Every structure is written in C-alpha cells, then in structure tokens.
Amino acid sequence: MTSIKLHIGGKTSHPEWQIVDIEPRPEVDYVCDASDLSQFADNSVSEIYASHVLEHFHYALGNELLLTLLEWYRVLKPQGKLMLSVPDLRTLCWLYLNPDLDSTERYKIMRMIFGGQINQYDVHKVGFDFDLLATYLSEVGFQECQRVAEFNLFKDCSSMRVLGNLISLNVIATK
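With the first letter of the sequence shown counted as 1, position 16 gets the number 18 in our numbering; the numbers rise by one all the way through.
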C-alpha cells in the first residue's frame, strides 16, 4: 500500500507529496478546506506538511484551530508526523520593534504577522510561539512536539529570514 503524504497549502508539485489547497490550481491534487479532510480515512496519512497554514484558522470562533488540528490528527497514522511551520510571533514582534527599521520594513513585518490580506484566505487569525503551539498540539493528542530550525523540503516560508532571523516556528509533532 502506498504511503500518503499531504502537503497542505503547497505550491509546487512533488512526486512524493499530494497537494491539498482551498483554491484550485493545476498542481493541487485535492481542493478542500484544510479543516475538512473527510476524503481521507482515519489513520491513512503518514505525513502532513503545512507551512504557514494553521494561522489562517480562528483560535476561538467556531473552535476552528482545534478542530483543524483534530482533523489532521485523525487522518495521520499512528506514529505519523505533522511537520508544521507558522509565523513565529515572538520573533516577528522583536523584529517589528527594532528601532533601526524604517516604516516600509515594519510594514513588511506587519504583513507577516497579520497576513498579506490579498484575498479572504490570506488573513492570519492567530499567532504562535513554541509553548502555545505545543499546548494546542498536546490538547488534540500529539505525543511529541519538537522544534526544528528548518525542514528544507520545499522552497517556502519555513526557511524565510529577515535581518538574518528565521521568521518561522518549525515543529514536528508525532501522533
């Protein structure tokens, strides 16, 4: 049986990964909301990679954040891995407060905190630091949550640097 690896929000095709996205594009294999993976059976996915996706879910309204994490947990096989990258709110706040930045540079960082807001899907609804993210992951059942510097799987925001600082919080959580 083939192992399913889901790249939620992916932009580039890869032979080992199936792309899930809310917007249809040629490279997208499954068009759906990342909070509803009902087309996948329980315990059917070996890995999920999601870079700069989770912050697009409300932490309180409709309980979107926890329900999304529960859905990702549901489809992962036992010992399955969730590789998750989110904007690191602590780093971005620290960068924003840098007195050497001009207003244009602060504007770019502000967009990293709140999303680019170019359409309804590009709005950030929650911010994370490691402790907060680990708490959410633990709450839905993940047993291990390990911070990593970079994944180096795809060219995406997980490796983005501003003034030499990684702006992403990258973690691997194990079911």
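Ideal Cβ positions, reconstructed from N, Cα and C, are used throughout, including at glycine. Predicted, not measured: the structure shown is a model, and the values here were computed from it.
Cα-Cα separation, residue i to residue j
i	j	result
Tyr61	His126	10 Å
Ser5	Leu171	27 Å
Leu69	Leu78	14 Å
Ser87	His58	12 Å
Ser161	Phe153	8 Å
Gly118	Leu56	15 Å
Asp124	Lys13	14 Å
Phe42	Gly143	19 Å
Gln179	Ser105	Past the boundaries of the shown model lies residue 179; the chain is included only from 3 to 177, so the question cannot be answered.
Coarse secondary structure for residue i, derived from DSSP in three states
i	result
His60	coil
Ala52	strand
Ser46	coil
Gly65	The sequence given here places Asn at residue 65; Gly does not occur at that position. It is helical.
Ala136	helix
Glu18	coil
Leu97	helix
Exposure of residue i, with buried meaning 16 or more beta-carbon neighbours within 10 Å
i	result
Cys147	buried
Ala36	buried
Val33	exposed
Ser52	Just to set this straight, residue 52 is Ala in the shown sequence, not Ser. So Ala52 counts as buried.
Met85	buried
Ile50	buried
Pro80	exposed
Ala136	buried
Leu165	exposed
Cβ separation of residue i and residue j, assumed to be a contact under 8 Å, to the nearest whole Å
i	j	result
Leu94	Ile111	6 Å
Leu67	Val30	Actually they are not in contact, since the Cβ atoms of Leu67 and Val30 sit about 23 Å apart, beyond 8 Å.
Phe130	Leu71	Not quite, the Cβ-Cβ distance comes to about 12 Å (not below 8 Å), so this is no contact.
Worksheet item: Which runs of the beta strand (DSSP E) fall wholly inside the stretch 73-125 and span at least 3 residues, in chain order?
Response: Counting only runs of 3 or more, we get 78-89.
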